[in-house]
Amino acid sequence: MSSIAQPETRTATDADVAGDAATLRAGHFYRVVWRWHFYAGLFVIPFLLILAVTGIVYLFKPQLDRLMYPQHVQASGAALPFARQIAAASAVYPGATISSVVTPEDATRSTEVTLAAADGRDLTVFVDPYTATVLGERNENNNLQYYAVTLHGELMAGTWGDYLVELAACWAIVLVVSGLFMWWPRKGSMVWGILLPRLNRTNKRIFWRDMHAVVGFWGSAVVLFLLLTGLPWAGFWGSNFAKVSSQYPAQLWDDVPASTQLTGDLNTTAVKTVPWAVEQLPMPTSTNSGVPAGTPVNLDSVVALAQAQGVASGFSVSLPDAAEGVYTVSIFPNDPGKQATLHIDQYSGAVLADVRFADYALVPKAVEMGIAVHEGKYFGPLNQIVMLLACLVVITLAFSAVVMWWQRRPAKRLGAPAMPKNFPIWKGAVALIAVLGIAFPFVGISLVVVLLLDYLVIQRVPMLKAALN
Numbered sequence: 000m001s002s003i004a005q006p007e008t009r010t011a012t013d014a015d016v017a018g019d020a021a022t023l024r025a026g027h028f029y030r031v032v033w034r035w036h037f038y039a040g041l042f043v044i045p046f047l048l049i050l051a052v053t054g055i056v057y058l059f060k061p062q063l064d065r066l067m068y069p070q071h072v073q074a075s076g077a078a079l080p081f082a083r084q085i086a087a088a089s090a091v092y093p094g095a096t097i098s099s100v101v102t103p104e105d106a107t108r109s110t111e112v113t114l115a116a117a118d119g120r121d122l123t124v125f126v127d128p129y130t131a132t133v134l135g136e137r138n139e140n141n142n143l144q145y146y147a148v149t150l151h152g153e154l155m156a157g158t159w160g161d162y163l164v165e166l167a168a169c170w171a172i173v174l175v176v177s178g179l180f181m182w183w184p185r186k187g188s189m190v191w192g193i194l195l196p197r198l199n200r201t202n203k204r205i206f207w208r209d210m211h212a213v214v215g216f217w218g219s220a221v222v223l224f225l226l227l228t229g230l231p232w233a234g235f236w237g238s239n240f241a242k243v244s245s246q247y248p249a250q251l252w253d254d255v256p257a258s259t260q261l262t263g264d265l266n267t268t269a270v271k272t273v274p275w276a277v278e279q280l281p282m283p284t285s286t287n288s289g290v291p292a293g294t295p296v297n298l299d300s301v302v303a304l305a306q307a308q309g310v311a312s313g314f315s316v317s318l319p320d321a322a323e324g325v326y327t328v329s330i331f332p333n334d335p336g337k338q339a340t341l342h343i344d345q346y347s348g349a350v351l352a353d354v355r356f357a358d359y360a361l362v363p364k365a366v367e368m369g370i371a372v373h374e375g376k377y378f379g380p381l382n383q384i385v386m387l388l389a390c391l392v393v394i395t396l397a398f399s400a401v402v403m404w405w406q407r408r409p410a411k412r413l414g415a416p417a418m419p420k421n422f423p424i425w426k427g428a429v430a431l432i433a434v435l436g437i438a439f440p441f442v443g444i445s446l447v448v449v450l451l452l453d454y455l456v457i458q459r460v461p462m463l464k465a466a467l468n
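Those letters in the sequence shown? Residues 0 to 468, per numbering that gives the first Met the number 0, in order.
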């Protein structure tokens, strides 16, 4: 009797089942990451565009300032005493209160006198150091760089704007991390669509997806660098980070009376006078008791003292604002290694504190170097070009993200990636989120708020649930 051969059947093994489960779990987790990446992008993109555009303006501040406020002078003999130069500024602006003076960086530059005019304007007045002629002025609260800086740092909305920018910057870090996870190759080509974009003219969705993914991968390191080096200036994270990281040798402050005012109080939104690394240091106080007779302490003698102490040209001198106030000499040039901050007794001329880059702890040194690179100062024009490319990467990522969303959006819905059902918790992801939440408190707090809002409101209101998915 003949028999018909039956096709061999294969029984699924435990390994097959485990493999399928792992694949399904990975796919579910990818969609969860994609969903959070999507929502974070919706919030962050407008702020990133503002940061990138205003960052480009501030990046080229040296060139723009010299174009808009040239104030070049013809070197002719010895410069006049600073007292005469200040007197010239005071004569043109009667009733003004002078707060600081920036010494010329070279022989062709003017002296810059910072003052509060009687009409309430905060001005930088340019004075010819050889003739004591007032050459012009810059309104520090009404110029291109002021608007760029205040938009960049606080959206021109004060403290709450500062917090909002910080929140966006912290979530942008989450965007980069989640974006790298989504970019990570899982199968197929390791080049096209991963390392190089597929320039597909017939499928625009593939083109924009690759532009977003490939540019994001190549630019992720420098974008992360921009975000992390910008956070020290943030109101909440930056100030608390400075308090725990800016420690100095005790001998710098031995037997020096200190006030409740901080060195960082000399900085304003428009004019940065002292480096970030010394902002948390207390201001010493001057005392007129037991001052020996001698040469009176004035701006010219303070400048001479700073030059004798090896402070680089172009430093600023903040004048005492009270009987206990001090002269503060400060400079933070393109090379952080030349930073210096000196507090000088206004009565005796004694140097009450002298803090140089070498005195900084490791973290403040790293922060100051990072800030110098962030602002395009550290290694000349090449530094500016690299940071310009970083800003263009941010703009490209934001624009391509909007285009991708617009191409795939459903009618009358937001088009967020769907949340998978019965999604198991991945302990590694929870640990990473916890670390980010602790390192950047605004991320942790806002994450909890969003989760509660989603669970208590969005998921319970069908109309909202449908619209936001």
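Idealized CB from N, CA, C, for every residue including glycine.
Predicted, not measured: the structure shown is a model, and the values here were computed from it.
Could you tell me if Y92 is buried or exposed, where buried requires 16 or more neighbouring beta carbons within 10 angstroms of its beta carbon?
Along the sequence shown, one-based indexing puts residue 92 at 93. Answer is buried; the Cβ neighbour count reaches 16.
To the nearest angstrom, report how far apart E278 and V328 are at their CA atoms.
Here residue 278 corresponds to residue number 279 of the sequence shown, with the count starting at 1. Here residue 328 corresponds to residue number 329 of the sequence shown, with the count starting at 1. One C-alpha to the other measures close to 14 Å.
Step through the CB atoms of chain C and report whether any lies within less than 9 Å of the CB of L143.
Checking the listed chains, one finds no chain C in this structure; it contains a single protein chain.
Hey, would you say S219 sits closer than 9 Å to A39, going by beta carbons?
Translated into positions along the sequence shown, residue 219 becomes position 220. Translated into positions along the sequence shown, residue 39 becomes position 40. No, the Cβ-Cβ distance between S219 and A39 is not below 9 Å.
Using the Cβ count rule (16 or more neighbours within 10 Å means buried), how would you classify D118?
Here residue 118 is taken as the residue at index 119 of the sequence shown, counted from 1. Exposed: under 16 other Cβ atoms inside 10 Å.
What did DSSP end up calling N468 once you bin it into helix, strand or coil?
Residue numbering aside, residue 468 sits at position 469 when the sequence shown is read from its first letter. Coil at N468, not helix or strand.
Give the list of continuous alpha helix (DSSP H) stretches no shorter than 4 residues that lie fully inside the region 12 to 90.
Correct list: 13 to 58, 60 to 67.
Report back the beta-carbon spacing between H211 and M403 to the nearest angstrom; my notes put them in contact at under 8 Å.
Counting from one through the sequence shown, the residue named residue 211 turns up at place 212. Counting from one through the sequence shown, the residue named residue 403 turns up at place 404. With a Cβ gap of about 6 Å, H211 and M403 count as contacting.
Can you give the beta carbon distance from G160 to C390, rounded, assuming they're within the 8 Å contact cut?
The residue given as residue 160 occupies position 161 in the sequence shown. The residue given as residue 390 occupies position 391 in the sequence shown. So it is not a contact: roughly 20 Å between Cβ atoms.
Less than 9 Å separating the beta-carbons of E367 and M386?
For the purposes of this step, residue 367 is identified with residue 368 of the sequence shown, where counting begins at 1. For the purposes of this step, residue 386 is identified with residue 387 of the sequence shown, where counting begins at 1. No, they are not a contact pair.
I'd like to check one pair, A415 with F59: are the Cβ atoms closer than 9 Å?
To locate residue 59, count along the sequence shown from 1; it is residue 60. To locate residue 415, count along the sequence shown from 1; it is residue 416. Taking 9 Å as the Cβ cut-off, F59 and A415 do not qualify as a contacting pair.
If we count the other Cβ atoms within 10 Å of its Cβ and call it buried at 16 or more, is H342 buried or exposed?
Here the question's residue 342 lines up with position 343 in the sequence shown. H342 should be labelled buried.
Just how far apart, CA to CA, sit I432 and G192?
Against the sequence shown, residue 432 aligns to sequence position 433. Against the sequence shown, residue 192 aligns to sequence position 193. Answer to the nearest angstrom: the Cα atoms are 28 Å apart.
Using C-beta distances below 7 Å, list every residue in its chain close to G237, excluding the 5 sequence neighbours before and after it, in chain order.
By one-based count along the sequence shown, residue 237 stands at place 238. Excluding positions up to five away in sequence, the list reads L230, P231.
Once DSSP output is grouped into helix, strand and coil, what is the label at I193?
Position 194 of the sequence shown holds residue 193. Looking at I193 - three-state DSSP - the assignment turns out to be coil, as it is neither helix nor strand.
Can you name the residues that DSSP bridges to L413?
Working through the sequence shown from its first residue, we reach residue 413 at position 414. Answer is none; L413 lacks a bridge partner.
Of the choices L50, F42, T123, whose alpha-carbon is the least far from that of Q70?
For the purposes of this step, residue 70 is identified with residue 71 of the sequence shown, where counting begins at 1. When each option's Cα is compared against that of Q70, the closest is T123.
According to the Cβ coordinates, are L265 and S317 closer than 9 Å?
Against the sequence shown, residue 265 aligns to sequence position 266. Against the sequence shown, residue 317 aligns to sequence position 318. Yes, the pair counts as a contact, with Cβ atoms nearer than the cut-off.
Is it buried or exposed, V273, if we count other Cβ atoms within 10 angstroms and call 16 or more buried?
Counting from 1 along the sequence shown, the entry for residue 273 is found at position 274. The residue in question, V273, is buried, as its Cβ has 16 or more Cβ neighbours within 10 Å.
State the Cα-Cα distance for the pair V175 and K420, rounded to the nearest angstrom.
Here residue 175 is taken as the residue at index 176 of the sequence shown, counted from 1. Here residue 420 is taken as the residue at index 421 of the sequence shown, counted from 1. Computed Cα separation, rounded: 26 Å.
Which first and last residues belong to the alpha helix (DSSP H) in which G324 is found?
The residue labelled residue 324 in the question sits at position 325 within the sequence shown. Looking at the DSSP string, G324 is not in any alpha helix (DSSP H), and its letter there is neither H nor E.
Determine the extent of the beta strand (DSSP E) in which I471 is found, giving its start and end residues.
What is shown of the chain runs 0 to 468, which leaves residue 471 out entirely.
Please list the segments of the beta strand (DSSP E) lying wholly inside the region 103 to 136, counting only runs of 3 or more residues, in order along the chain.
Segments of the beta strand (DSSP E) lying fully in the region 103 to 136: 110 to 115, 121 to 126.
Using the three-state DSSP reduction, which class does M210 fall into: helix, strand or coil?
In the sequence shown, the residue the question calls residue 210 occupies position 211. Three-state DSSP puts M210 in a helix.
If you measure between the beta carbons of Q406 and K271, is that distance less than 9 Å?
Here residue 406 refers to the residue found at position 407 when the sequence shown is read from its first residue. Here residue 271 refers to the residue found at position 272 when the sequence shown is read from its first residue. Contact flag unset, no.
Between A131 and the rest of its own chain, which residues show a CB-CB distance below 8 Å, the 5 nearest in sequence each way excluded?
As a position in the sequence shown, residue 131 is number 132, starting the count at 1. Closer than 8 Å at Cβ, skipping near neighbours: L79, R83, Q84, A86, A87.
Taking 7 Å as the limit between beta carbons, can you name the residues of its chain near G436, skipping five residues before and five after?
Position 437 of the sequence shown, counting from 1, holds the residue named residue 436. Correct list, in chain order: V442, G443, L446.
In or out: A352 buried (at least 16 other Cβ within 10 Å) or exposed?
Working through the sequence shown from its first residue, we reach residue 352 at position 353. Classification for A352: buried.
Apart from the five residues on each side of it in sequence, which residues of its chain come closer than 6 Å, Cβ to Cβ, to F331?
Mapped onto the sequence shown, residue 331 falls at position 332. Answer for F331: P274, Q338, listed in chain order.
Taking DSSP's pairing of strands, which residues face R355 in a bridge?
Counting from 1 along the sequence shown, the entry for residue 355 is found at position 356. Looking at the DSSP assignment, R355 forms a beta bridge with A339.
Do you know how far the Cα of A95 is from the Cα of F398?
Indexing the sequence shown from 1 puts residue 398 at position 399. Indexing the sequence shown from 1 puts residue 95 at position 96. So the alpha carbons of these two residues sit roughly 47 Å apart.
Indicate the three-state DSSP secondary structure (helix, strand or coil) for V447 in the structure shown.
To locate residue 447, count along the sequence shown from 1; it is residue 448. It is helical.
I'd like to know whether the C-beta atoms of T110 and D121 end up nearer to each other than 9 Å.
Taking the sequence shown and counting its residues from 1, the one referred to as residue 110 is at position 111. Taking the sequence shown and counting its residues from 1, the one referred to as residue 121 is at position 122. Cβ distance not < 9 Å, so T110 and D121 don't count as in contact.
Helix, strand or coil for M0, going by three-state DSSP, please let me know.
The residue given as residue 0 occupies position 1 in the sequence shown. For M0, the pLDDT reaches just 41, beneath the cut-off of 50, and the residue's location in the model is therefore unreliable, although a value from the coordinates is still provided. Three-state result, M0: coil.
Between the Cα of Y129 and those of A106, E139, N140, Y146, spot the shortest distance and give me the residue it belongs to.
The residue you call residue 129 lines up with position 130 of the sequence shown. Checked all of A106, E139, N140, Y146; the closest Cα to Y129 is A106.
Express the C-alpha separation of P281 and N141 in angstroms, rounding to a whole number.
Residue mapping note: residue 141 aligns to position 142 of the sequence shown, counting from 1. Residue mapping note: residue 281 aligns to position 282 of the sequence shown, counting from 1. Near 31 Å, if we compare the C-alpha coordinates of P281 and N141.
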